[in-house]
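Colleague:
2 protein chains.
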Amino acid sequence: MPVKLTAPQASSLLPVRGVKLGFSEAHIRKPNRKDVLVMTLAEGSNVAGVFTLNQFCAAPVILCKDFLAQKSGIRALLVNTGCANAGTGEDGLSRARQTCDALGNLLNLQANQILPFSTGVILESLPTDRLIAGLPAAIENLKEDNWLNAAEAIMTTDIVAKGTSRSIMLDGQNITITGISKGSGMIHPNMATMLGYIATDANLSQSALESITHHAVNKSFNCITVDGDTSTNDSLILMATNQAGNTVISESSENFIALRDALTEVAIELAQAIVRDGEGATKFMTISVEGGRDETECRKVAYAIAHSPLVKTAFFASDPNLGRLLAAIGYAGVEQLDVNMLKLYLGDVLVAENGGRASAYLEEQGSAVMKESEILVRVDLARGKANCTVWTCDFSYDYVKINADYRS
Amino acid sequence: MPVKLTAPQASSLLPVRGVKLGFSEAHIRKPNRKDVLVMTLAEGSNVAGVFTLNQFCAAPVILCKDFLAQKSGIRALLVNTGCANAGTGEDGLSRARQTCDALGNLLNLQANQILPFSTGVILESLPTDRLIAGLPAAIENLKEDNWLNAAEAIMTTDIVAKGTSRSIMLDGQNITITGISKGSGMIHPNMATMLGYIATDANLSQSALESITHHAVNKSFNCITVDGDTSTNDSLILMATNQAGNTVISESSENFIALRDALTEVAIELAQAIVRDGEGATKFMTISVEGGRDETECRKVAYAIAHSPLVKTAFFASDPNLGRLLAAIGYAGVEQLDVNMLKLYLGDVLVAENGGRASAYLEEQGSAVMKESEILVRVDLARGKANCTVWTCDFSYDYVKINADYRS
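The listed protein sequences correspond, in order, to chains R and Z.
In case it helps, numbering that gives the first Met the number 0 puts the first sequence at residues 0 to 407.
In case it helps, numbering that gives the first Met the number 0 puts the second sequence at residues 0 to 407.
1) Can you have a look at R:M190 and say buried or exposed, based on whether 16 or more other CB atoms are within 10 angstroms of its CB?
2) So R:V389 and R:I328 are supposed to be a Cβ contact under 8 Å. How far apart are they, rounded?
3) Among residues of its own chain, excluding the 5 on either side of Z:I121, which ones have a beta-carbon nearer than 7 Å to its beta-carbon?
4) Under 7 Å Cβ-Cβ, which residues of chain R neighbour Z:S230?
5) Taking any Cβ of chain R, which residues in the region 17-30 of chain Z have a Cβ under 8 Å from it, in chain order?
6) Please list the terminal residues of the continuous alpha helix (DSSP H) segment that includes R:E352.
7) Which residues of chain R have a Cβ atom closer than 9 Å to the Cβ of Z:Y396, listed in chain order?
8) Residue range of the alpha helix (DSSP H) that R:L106 falls in?
9) So, does the CB of Z:P188 fall closer than 8 Å to a CB anywhere in chain R?
10) Please identify the residue among Z:H214, Z:Y396 and Z:W146 whose C-alpha is closest to the C-alpha of Z:Q8.
11) DSSP on Z:P135, reduced to helix/strand/coil?
12) Quick check on this structure: which residue in Z:S234, Z:C63, Z:S93 and Z:L36 has the alpha carbon closest to the alpha carbon of Z:L77?
13) Strictly below 8 Å CB to CB, what residues from chain Z border R:N353?
14) Can you confirm whether R:D100, when its beta carbon is compared against all beta carbons of chain Z, has any partner nearer than 8 Å?
15) Please decide whether R:F283 counts as near chain Z, where near means a Cβ-Cβ distance under 8 Å.
16) Relative to the C-alpha of R:I286, which candidate in R:T391, R:N104, R:H214 and R:D293 has its C-alpha closest?
17) Note down the Cα distance separating R:M369 from Z:T177, rounded to an integer number of angstroms.
18) Using 8 Å as the threshold, is the C-beta distance between Z:G291 and Z:L380 below it?
19) Any contact between the region 231-244 of chain Z and the region 52-66 of chain Z? By contact I mean 3 or more CB pairs, one from each, below 8 Å.
20) Please indicate yes or no: does the CB of R:L77 lie closer than 7 Å to some heavy atom of the ligand COA?
21) Based on the DSSP secondary-structure assignment, which residues constitute the bridge partners of Z:K342?
22) Quick check on Z:F315 - is its C-beta less than 8 Å from some C-beta in chain R?
23) Please list, in chain order, the residues of the region 59-73 of chain R that have any C-beta partner in chain Z closer than 8 Å.
24) Pair every Cβ in the region 237-245 of chain Z with every Cβ in the region 202-210 of chain Z, then say whether three or more of these pairs are closer than 8 Å.
25) Could one say the Cβ of Z:Y344 lies closer than 8 Å to chain R's Cβ atoms, at least one of them?
26) How far does the beta strand (DSSP E) with R:G195 in it reach, from first residue to last?
27) By a C-beta neighbour count over all protein chains shown, 10 Å radius and 16 as the cutoff for buried, is R:H213 buried or exposed?
28) What are the start and end residues of the beta strand (DSSP E) that includes Z:S287?
29) Consider the Cβ of R:V338: report whether some Cβ of chain Z lies at a distance smaller than 8 Å.
30) So is Z:Q271 buried or exposed if we call it buried at 16+ other beta carbons inside 10 Å?
31) Taking the beta carbon of Z:G17 as the centre, do at least 16 other beta carbons fall within 10 Å, making it buried, or is it exposed?
32) Ordered along the chain, which non-local residues of its own chain (more than five positions away) have a Cβ less than 6 Å from that of Z:S10?
33) For R:V120, go through chain Z and note every residue whose CB falls closer than 8 Å to its CB, in chain order.
34) To the nearest whole angstrom, what separates the beta carbons of Z:F66 and Z:N107, a pair I think is in contact under 8 Å?
35) Suppose only complete runs of 3+ residues qualify. What are the beta strand (DSSP E) ranges in the region 249-323 of chain Z, listed by chain order?
36) Straight-line CA distance for R:F394 to R:N320?
Structure representation (structure tokens):
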């Protein structure tokens, strides 16, 4: 079950002026579930995106990057679940284009004004006929207060729909930010198997939007991992409809930081929600590494811990088998690490120092922390001032069950 | 259950002239199990070793490296299970030294003529009293035909004892090679959580022994992975008692290659046995990558596949969800990989080419291969002549169960 995560109320996901959302049940893979989402953006909206670094990236990812580079004036997004349209070669590209053509015809847009997204099984052909047949119903129910339905329409193995909103006042205007995300396995930075869509009605320049997108991703989706697998389809999109009436925000505006931080906060909440709903997750772990010479070595240590199946199964068992944490630190690949200098904490409890168990550490202290559903692991490398934080979950029977059964 | 692996017959593990083995039940962690092994070597034996690269390496690993560097004339090995004596700082070093002192006193050797090894739980103090109290019994049953008992004495979560022998004729003399190994979780190259001991009575130079050791390890223990965790205690030792009566073999001798290959064959069999008995393993997978520009990029691809929890759970389920293999290839980090050129085979079946599913591939072909207990995954990167092979196992409920329960 998701760790301290419940689906948002429909009313808590605030409409964003200029964004409409519609869904349908197109039977892409399974019947009787929302599996197609159409999102439309008012004319004059700005859009920025970050995509998977997997070299086997999916056909829709290739098209998204291409269309964004063309600066063609993105006016709609089309998302399907049930089929990733990845590992599908030229035919996959042609099928993704067909779906953009079809939606363009219905909305009176060019195909390159539509960003396509797919998530689901890899190496299978996208059923374009069923997807296209599902478009009219999605267009028919396009409306501004459909964010919860949209969050549900993009779920795959997710248990809980993920979305959040913020309101801030900038320049005397009320600014709304609403985002949704999906993903619970094949989750790894750069990026997770995830789709994320964050919209704001704030008025800001394209360059400010791109700058905020990269900042927000680095503080959120690039800090999570469930199983270390980087998907073929990861995509995060930030959209600004520019309808809020504030003076346009650029990177040098005094309101830039406030807007950036609010958007980043939404991105962090959506990213953490993915981990809380990680496949089979029973615990949410924050791995915080400080005292490094640079951020890179801090990330190495944090990810060595976050990816270790032995650490993750020990957390699942609530067993303070903390030597496994030391082993992971030791093989993380930090050059000239002095293991006698570093300190390891579980929650507030000092567990290891001087290359071994801390003299005051008692097993029952570790056991007490391990019983919590949210656990902080803190490592002080004691050799510099850099730090980083990564969020992950434990590794349970259910992870294996979900992934052994996923296609069936 | 181990994949096509059974314990060797006692009679199939051939005595090696100059090597005696004795064991005892010292109750290091649990009662009523063999947990101490003493191995003695005839005077004039040569010894070489390869050890974990984990920076949190265990106290006995530090001593082993030190004693080998002193060229002190190694005459005995002392192994305990139940406690890894890792993450134990200065106190751990002192305890490891105490055990060498105690065995030295009993065998009339200097402490630095004894190599110590420990395996078991990390971050716990070595119970030297009980270990030392167990030494006389182990010395009492020292004998040449005790290899199977020795293999059993070093087991931890292993289900099956692991050992093998070879006989070859060199220079008119009958040469014997016998080896044992242990380890089934925390298995990753450089090296696995494993202990391995291979002895031969061949007469060869120290430098030839060291050269063979590195060759054999690179072809065997450095090509296996169960869960990607590199342990704090991994050690592989090659010993030559020089008692066979052959002319001494150096790197330039005509018999060098024959001896090297026979020792490497033993190392490969012992390494594969560790994977076959991998924690929770139900399938043995060979990941073979060819057509790379260099071996490094082949290893990246092979390990990306071998470490992917999504790939490993799909193999556990016998589900040809082969898109996960493409995803792993895509995030392996090979620069400028052209996904349209590579080919993916499952057994003999061509699964993917031209960036997608091979046109002749049928799901039932994949399903048929997936039902086997030994499966070959072959990737042709089609951009060079380098290749590499890695062995791994699948990821099952039992892996989680074993590792969630290990300390209890």
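Don't be surprised by glycine CBs; every beta carbon is placed ideally from N, CA and C.
Modeller: On the basis of the supplied data:
1) Counting from one through the first sequence, the residue named residue 190 of chain R turns up at place 191. For R:M190, the pLDDT reaches just 39, beneath the cut-off of 50, and the residue's location in the model is therefore unreliable, although a value from the coordinates is still provided. Buried: at least 16 other Cβ atoms inside 10 Å.
2) Position 390 of the first sequence holds residue 389 of chain R. Position 329 of the first sequence holds residue 328 of chain R. Contact flag wrong, Cβ pair sits at about 13 Å.
3) Here residue 121 of chain Z refers to the residue found at position 122 when the second sequence is read from its first residue. Apart from sequence neighbours up to five positions away, the residues of its chain that approach Z:I121 with a beta-carbon distance below 7 Å are A83, A85, G86 and T231, ordered along the chain.
4) As a working mapping, residue 230 of chain Z is identified with position 231 in the second sequence. The answer, in chain order, is A326.
5) If the cut-off is 8 Å between Cβ atoms, the region 17-30 of chain Z has nothing near chain R.
6) Numbered from its first residue, the first sequence carries residue 352 of chain R at position 353. Looking at the DSSP string, R:E352 is not in any alpha helix (DSSP H); the run it does join, the beta strand (DSSP E), is V348 to E352.
7) Locating residue 396 of chain Z in the second sequence gives position 397, where the first residue counts as 1. Going along chain R in sequence order, the residues near Z:Y396 (Cβ under 9 Å) are Y396, V399, K400 and A403.
8) Here the question's residue 106 of chain R lines up with position 107 in the first sequence. Looking at the DSSP string, the run of the alpha helix (DSSP H) that includes R:L106 is G88 to L106.
9) Residue numbering aside, residue 188 of chain Z sits at position 189 when the second sequence is read from its first letter. The predicted model places Z:P188 with a pLDDT of 41, which falls under 50 and marks its position as unreliable; any figure quoted below should be read in that light. For Z:P188, the closest Cβ of chain R is not nearer than 8 Å.
10) Within the second sequence, numbered from 1, the residue matching residue 8 of chain Z stands at position 9. It is Z:W146 whose Cα lies nearest to the Cα of Z:Q8.
11) What you label residue 135 of chain Z is simply residue 136 of the second sequence in a count that begins at 1. Z:P135: helix per DSSP, three-state reduction.
12) As a position in the second sequence, residue 77 of chain Z is number 78, starting the count at 1. Considering only alpha carbons, the answer is Z:L36.
13) Here residue 353 of chain R refers to the residue found at position 354 of the first sequence. For the C-beta of R:N353, the chain Z residues within less than 8 Å are, from N- to C-terminus, G88 and E89.
14) On the first sequence, residue 100 of chain R is found 101 positions in, with the first residue counted as 1. Between R:D100 and chain Z, the shortest Cβ-Cβ separation is not below 8 Å.
15) Here the question's residue 283 of chain R lines up with position 284 in the first sequence. With 8 Å as the cut-off, R:F283 does not count as an interface residue toward chain Z.
16) As a first step, residue 286 of chain R must be located in the first sequence, where it is residue number 287. The shortest CA-to-CA distance from R:I286 to any of R:T391, R:N104, R:H214 and R:D293 is the one to R:T391.
17) As a first step, residue 369 of chain R must be located in the first sequence, where it is residue number 370. As a first step, residue 177 of chain Z must be located in the second sequence, where it is residue number 178. The alpha-carbon separation between R:M369 and Z:T177 amounts to approximately 44 Å.
18) Taking the second sequence and counting its residues from 1, the one referred to as residue 291 of chain Z is at position 292. Taking the second sequence and counting its residues from 1, the one referred to as residue 380 of chain Z is at position 381. Yes. Within cutoff.
19) Yes: the two stretches touch, three or more of their Cβ pairs being nearer than 8 Å.
20) Here there are no bound small molecules, and the ligand COA is not part of this structure.
21) Within the second sequence, residue 342 of chain Z is the residue found at index 343, counting from 1. Z:D379, per the DSSP bridge assignment.
22) Looking up residue 315 of chain Z in the second sequence gives position 316. At least one chain R Cβ lies under 8 Å of Z:F315.
23) For the region 59-73 of chain R, which is checked against every Cβ of chain Z, not one residue is closer than 8 Å.
24) As far as the Cβ criterion goes, the region 237-245 of chain Z touches the region 202-210 of chain Z, which means the pair count is three or higher.
25) Against the second sequence, residue 344 of chain Z aligns to sequence position 345. Chain R, which has no Cβ nearer than 8 Å to the Cβ of Z:Y344, makes this no.
26) As a position in the first sequence, residue 195 of chain R is number 196, starting the count at 1. Run containing R:G195: L194 to T199, per the beta strand (DSSP E) assignment.
27) Here residue 213 of chain R refers to the residue found at position 214 of the first sequence. Counting other Cβ atoms within 10 Å of its Cβ, R:H213 stays below 16 and is therefore classed as exposed.
28) Start at 1 with the first residue of the second sequence, and residue 287 of chain Z comes out as number 288. DSSP places Z:S287 inside the beta strand (DSSP E), whose first and last residues are F283 to G291.
29) On the first sequence, position 339 is the one that residue 338 of chain R refers to. Against chain Z, the CB of R:V338 has a partner CB under 8 Å away; the residue lies at that interface.
30) Numbered from its first residue, the second sequence carries residue 271 of chain Z at position 272. By the 10 Å Cβ count, Z:Q271 comes out buried.
31) Working through the second sequence from its first residue, we reach residue 17 of chain Z at position 18. By the 10 Å Cβ count, Z:G17 comes out buried.
32) If you number the second sequence from 1, residue 10 of chain Z lands on position 11. So the list is empty, once near-sequence residues are dropped.
33) Residue mapping note: residue 120 of chain R aligns to position 121 of the first sequence, counting from 1. The answer, in chain order, is N320 and G322.
34) Position 67 of the second sequence holds residue 66 of chain Z. Position 108 of the second sequence holds residue 107 of chain Z. With 8 Å as the limit, Z:F66 and Z:N107 do not qualify as a contact, their Cβ atoms being about 17 Å apart.
35) Under the rule that a run must span 3 or more residues, the beta strand (DSSP E) segments found entirely inside the region 249-323 of chain Z read 283-291.
36) By 1-based counting over the first sequence, the position of residue 394 of chain R is 395. By 1-based counting over the first sequence, the position of residue 320 of chain R is 321. CA-to-CA, the gap between R:F394 and R:N320 works out to about 15 Å.
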